[in-house]
Every structure is written in C-alpha cells, then in structure tokens.
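What follows is a short report on a single structure.
Protein chains: 2
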Amino acid sequence: MPAHNAPQHAQLILENFLPYRLSVLSNRISGAIAREYSKRFELSVTEWRVMAVLGRSPGLSANQVAQRTAMDKVAVSRAVAKLLDSGRLLREFDDDDRRRSMLKLSDAGYAIYDQVVPLTIGFEQHLLGEMPEAERELLFRLLDRLDELEIRAEAVTSHT
Amino acid sequence: MPAHNAPQHAQLILENFLPYRLSVLSNRISGAIAREYSKRFELSVTEWRVMAVLGRSPGLSANQVAQRTAMDKVAVSRAVAKLLDSGRLLREFDDDDRRRSMLKLSDAGYAIYDQVVPLTIGFEQHLLGEMPEAERELLFRLLDRLDELEIRAEAVTSHT
DNA sequence: AACCCATTGTTACACATGCAACCATTTCAA
DNA sequence: TTGAAATGGTTGCATGTGTAACAATGGGTT
C-alpha cells in the first residue's frame with residue numbers, strides 16, 4: 001500500500017482564509033460600535049453612515065452619499081427617510097434640477113453627530129492605539145491595495 | 001478677530017476610518033465570492049460556511065459549527081435545515097445525548113465542496129498572490145491582534 | 001423520584017438588505 | 001415639439017439576520 005496521503009477532498013482551513021477572517025473581524029468590530037450608538041441614539045449603522053458623511057460634507061445628494069458610503073441607493077433612500085422623519089436631517093430639492101436632493105444635518109442631527117464621532121474615534125484608538133505607527137501605515141497600505149484588487153471578481157474564476 | 005480655525009463640529013473622515021474600511025472591503029470580497037458560488041450551486045454564504053467546516057471536520061454538532069464559524073446557532077440551525085433538505089448534509093443524533101447532532105456532508109455535499117473550495121482558494125490567491133510573503137505574514141499577525149483586542153467593547157466607552 | 005437548572009436545537013417575530021420594477025424629471029435628438 | 005433614453009429617488013417583494021421565547025433532553029441535588 002503506497003504511503004502517499006493526498007487528501008481525498010479539497011482542503012480549506014476557514015480560520016486562515018482571508019475573506020472569512022475579514023468578514024468575522026469586521027462584523028465584530030462594527031457590531032460592537034453599533035451596539036453602543038444604536039442603543040443610545042436609536043440609530044442604525046446605515047443611518048449613522050449617512051450622518052457621518054453629511055456631517056462633514058453638507059449638501060450632498062442621496063446619490064452622492066450612496067457613492068461615498070459604498071451603500072446602494074435603496075439603503076440610502078430608506079435611511080434618509082428615517083432621518084428626515086426623526087428630524088435629524090434637512091432636505092431641499094435643487095431648483096435647477098428638481099430630482100436632485102440636497103441633504104444636511106439639522107441641529108438635532110449635529111447634536112448627535114458630535115457625540116457619536118468621538119465615540120467611534122475612541123473605538124478606533126482602542127484598536128490602533130497600541131499598534132506601532134509603521135504597522136499602522138502598512139495596514140492601511142494593504143487595505144488600499146486590496147481595495148484596488150478585488151474590483152474584478154471575474155478575473156478569478158479562470159484561475160481554478 | 002482671532003485666527004484659530006477649530007472646527008465647529010467633531011470631524012470624522014469615514015474613508016480613513018478603520019472599521020468602516022474593513023466593513024466595505026469585507027463586504028465586497030465576500031460578496032464577490034458569494035456571487036460566484038451562490039449562482040452556480042444555489043448556496044448562501046451561511047450554508048457555505050457550514051459546509052466548509054463540516055467538509056474538514058465531519059461529525060461536529062450544530063453548536064460546534066456555530067462556534068467555529070462565528071455564526072449564531074440560529075443561523076446554523078437554518079442553514080443546516082436547508083442543507084439537509086437539499087440532500088447535501090447528513091445528520092444523526094448521538095445515542096448518549098439525544099440533543100446532540102452529528103453532522104457531515106453527503107456525497108452530493110462533497111461534490112459541491114470539492115468544486116467550491118478551489119474556487120475560493122483561487123480567489124484568495126488573487127488577493128494575496130502578488131503580496132510579498134513578509135507583508136502577508138504581517139497582515140495575518142495584525143488580524144490576529146485585532147481579533148484579540150476588540151473583545152471588550154465596553155472598555156472603549158470610557159476613553160471618550 | 002422530584003425538582004431545578006443548563007444545554008441543544010427550533011420557531012416566531014421584528015427588522016435590515018438587495019434586486020427589480022416603478023414614477024418623476026431632465027436631456028437629447030429627431 | 002415630442003418621443004426615447006438617462007438620471008434621481010422611492011416602493012414592493014423575497015430573503016437574510018438577530019433576539020427572545022420555546023420544547024426537549026440531560027445533569028445534578030435533595
């Protein structure tokens with residue numbers, strides 16, 4: 001009997017699989033942050049992302065918000081509706097193009113924004129605080145590179 | 001009039017915010033992979049994760065699968081139900097403890113497993129392929145460290 | 001045995017998400 | 001000017017997900 005031990009089946013070690021690890025890690029981190037502000041401010045992750053972008057860039061349209069947050073326009077539309085409803089957002093429509101909305105935080109919106117921002121930044125500090133500057137930079141460079149790479153998923157299927 | 005320009009509001013640059021970047025990146029990557037196998041094999045992400053673990057470790061219980069996949073037991077329960085239904089999974093119950101299930105892939109399950117594994121590995125190759133070994137190792141070390149860190153979300157709230 | 005509690009797994013509900021179809025408005029070309 | 005295509009945004013539907021309540025089984029104490 002030959003002494004080879006080729007596995008009968010393909011082998012995948014999930015715990016070492018990068019996409020899986022990113023997913024689990026990201027869910028844990030985002031979940032932990034979201035649990036904080038969602039309880040305190042009745043705010044979902046998508047709503048918060050919309051607020052975060054508009055807090056820094058008032059006047060964007062819903063579409064522009066969608067692009068910047070990497071959310072699809074439906075998610076933005078619904079988040080905007082809720083934020084308008086709860087009085088955290090103001091909306092006007094452009095006179096020149098009445099389809100286009102112009103969004104910005106209300107005072108109530110900024111009151112929340114000014115509390116959540118330090119909270120999230122504190123969390124990031126906690127994550128990165130003890131990481132040497134060099135590693136931190138490398139981490140972000142790696143993320144940049146991965147961002148660029150995975151654009152074309154189709155290129156991959158031919159590999160196998 | 002003094003020449004300070006302290007911002008009126010807290011500032012957060014979402015595009016540089018680590019949790020946000022991880023979330024977007026992870027969603028893109030997992031989404032790209034999932035689109036491939038979900039179309040081809042009528043397989044959701046959670047179902048695939050269950051299969052991936054059982055392919056390598058046959059005989060685990062649903063609870064054990066949940067722990068290894070970082071999914072909650074409800075998600076596993078439902079994924080298992082579907083996989084049983086579609087004949088990709090076999091289940092027995094332990095004679096000594098009839099609550100405890102013992103799960104493994106059926107032949108049909110392995111047939112799929114053996115196709116999806118190389119597909120996902122090819123994808124990871126595509127992501128990591130051009131990354132120098134040293135950076136790759138660092139990336140995984142950084143992920144390890146982040147994994148350990150963010151366990152206690154509460155520790156953070158006092159930071160602010 | 002009778003009880004209490006922990007564990008495994010399922011079900012029910014509320015809520016988020018993605019895709020497709022849709023309406024309103026604008027643009028452009030015939 | 002009018003009709004086709006493009007754009008911004010919303011709504012409906014089917015599906016996924018998390019939380020809590022639940023049934024069933026088992027372990028341990030009296």
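Protein chains in written order, with the working numbering: chain D, 1 to 160; chain E, 1 to 160.
Just so it is clear, CB atoms sit at the ideal spot from N, CA and C, and this is done for glycine as well.
- Task: Establish whether the CB of L142/E and some CB of chain D are separated by less than 8 angstroms.
- Result: As a first step, residue 142/E must be located in the second sequence, where it is residue number 142. Yes, its Cβ sits closer than 8 angstroms to a Cβ of chain D.
- Which residue or residues does DSSP assign as beta-bridge partners of L90/E? In the second sequence, residue 90/E corresponds to position 90, counting from 1. Paired residue(s): K104/E.
- Taking the alpha-carbon positions, what's the F140/D to D107/E distance? Numbered from its first residue, the first sequence carries residue 140/D at position 140. Numbered from its first residue, the second sequence carries residue 107/E at position 107. Rounded to the nearest angstrom, the two C-alpha atoms are 43 angstroms apart.
- Could you spell out the range, first to last residue, of the alpha helix (DSSP H) harbouring R99/D? Taking the first residue of the first sequence as 1, we reach residue 99/D at position 99. Careful: R99/D lies outside any alpha helix (DSSP H) and carries neither H nor E.
- Task: Using a Cβ cut-off of 8 angstroms (strictly closer), state whether V117/E contacts chain D.
- Result: The residue you call residue 117/E lines up with position 117 of the second sequence. True, the Cβ-Cβ gap to chain D drops below 8 angstroms.
- Measuring from the CB of R91/E, is there a heavy atom of the ligand NAD at a distance below 7 angstroms? With respect to the ligand NAD, the structure shown offers nothing to examine, as it has no ligands at all.
- Message: Do L138/D and L138/E count as a contact pair if the criterion is CB distance below 8 angstroms?
- Response: In the second sequence, counting from the first residue as 1, residue 138/E sits at position 138. In the first sequence, counting from the first residue as 1, residue 138/D sits at position 138. Going by C-beta atoms, L138/E is nearer than 8 angstroms to L138/D.
- Message: Please list, in chain order, the chain E residues whose beta carbon lies closer than 7 angstroms to that of I33/D.
- Response: Within the first sequence, numbered from 1, the residue matching residue 33/D stands at position 33. Ordered by position in chain E, the residues that pass the 7 angstroms Cβ test against I33/D are P19.
- Query: E130/D by DSSP, collapsed to three states: which one?
  - Reply: Counting from 1 along the first sequence, the entry for residue 130/D is found at position 130. DSSP places E130/D in coil when its eight states are reduced to three.
- Is Q8/D closer than 8 angstroms to R56/E when the C-beta atoms are compared? As a working note, residue 56/E is residue 56 in the second sequence. As a working note, residue 8/D is residue 8 in the first sequence. Result no, Cβ atoms of R56/E and Q8/D do not sit closer than 8 angstroms.
- Query: Which residues of chain D have a Cβ atom closer than 8 angstroms to the Cβ of E135/E, listed in chain order?
  - Reply: As a first step, residue 135/E must be located in the second sequence, where it is residue number 135. Within chain D, the residues near E135/E are L138 and L142.
- Message: Rounded to the nearest angstrom, what separates K73/D and A62/D at their Cα positions?
- Response: Counting from 1 along the first sequence, the entry for residue 73/D is found at position 73. Counting from 1 along the first sequence, the entry for residue 62/D is found at position 62. Approximately 7 angstroms, taken between the alpha carbons.
- Query: Which residue comes first and which comes last in the alpha helix (DSSP H) that contains S77/D?
  - Reply: Numbered from its first residue, the first sequence carries residue 77/D at position 77. Element bounds for S77/D: K73 to D85.
- Range covered by the alpha helix (DSSP H) that runs through A52/E: For the purposes of this step, residue 52/E is identified with residue 52 of the second sequence, where counting begins at 1. V45 to R56 is the extent of the alpha helix (DSSP H) around A52/E.
- Between the C-alpha atoms of L146/E and R78/E, what's the straight-line distance to the nearest angstrom? The sequence position of residue 146/E within the second sequence is 146, counting from 1. The sequence position of residue 78/E within the second sequence is 78, counting from 1. Cα to Cα, L146/E sits roughly 30 angstroms from R78/E.
- Message: Please return the same chain residues whose Cβ sits closer than 8 angstroms to the Cβ of Y113/D, not counting the five positions on each side in sequence.
- Response: Reading the first sequence from its first residue, position 113 is the one you call residue 113/D. Close CB contacts of Y113/D within its chain, under the 8 angstroms cut and outside five residues either way in sequence, are with M51, A52, G55 and L105 (chain order).
- Message: Nearest by alpha-carbon distance to S44/E: which of R98/E, G59/E and V76/E is it?
- Response: Numbered from 1 along the second sequence, position 44 holds the residue referred to as residue 44/E. If we check each option's Cα against that of S44/E, V76/E comes out closest.
- Query: Run through DSSP, which three-state label would L12/D get?
  - Reply: Residue mapping note: residue 12/D aligns to position 12 of the first sequence, counting from 1. Of the three classes helix, strand and coil, the one that applies to L12/D here is coil, per DSSP.
- Keeping to the same chain, check which residues put their C-beta closer than 8 angstroms to that of P58/E; ignore five residues upstream and five downstream. Taking the second sequence and counting its residues from 1, one reaches residue 58/E at position 58. Only L103, K104 and L105 meet the Cβ criterion.
- Message: Mapping the DSSP letters down to three states, classify A70/D as helix, strand or coil.
- Response: Counting from 1 along the first sequence, the entry for residue 70/D is found at position 70. Coil.
- Expressed to the nearest angstrom, what Euclidean distance is found between the alpha-carbon atoms of L128/D and D85/E? Here residue 128/D corresponds to residue number 128 of the first sequence, with the count starting at 1. Here residue 85/E corresponds to residue number 85 of the second sequence, with the count starting at 1. Computed Cα separation, rounded: 45 angstroms.
- Message: Can you tell me whether L146/E is helix, strand or coil according to DSSP?
- Response: Translated into the one-based positions of the second sequence, residue 146/E becomes position 146. In the structure shown, the three-state DSSP call for L146/E is helix.
- Task: Figure out for me which residue from L83/E, I13/E, I121/E and L90/E has the closest Cα to the Cα of E15/D.
- Result: On the first sequence, position 15 is the one that residue 15/D refers to. Answer by Cα proximity: I121/E.
- Distance between beta carbons of E47/D and E82/D, contact taken as under 8 angstroms: On the first sequence, position 82 is the one that residue 82/D refers to. On the first sequence, position 47 is the one that residue 47/D refers to. Checking the sequence shown, residue 82/D turns out to be Lys, not Glu. Yes, K82/D and E47/D are in contact; Cβ-Cβ is about 6 angstroms, under 8 angstroms.
- Query: Does DSSP put Y20/D in a helix, a strand or coil?
  - Reply: The residue you call residue 20/D lines up with position 20 of the first sequence. Helix, per DSSP.
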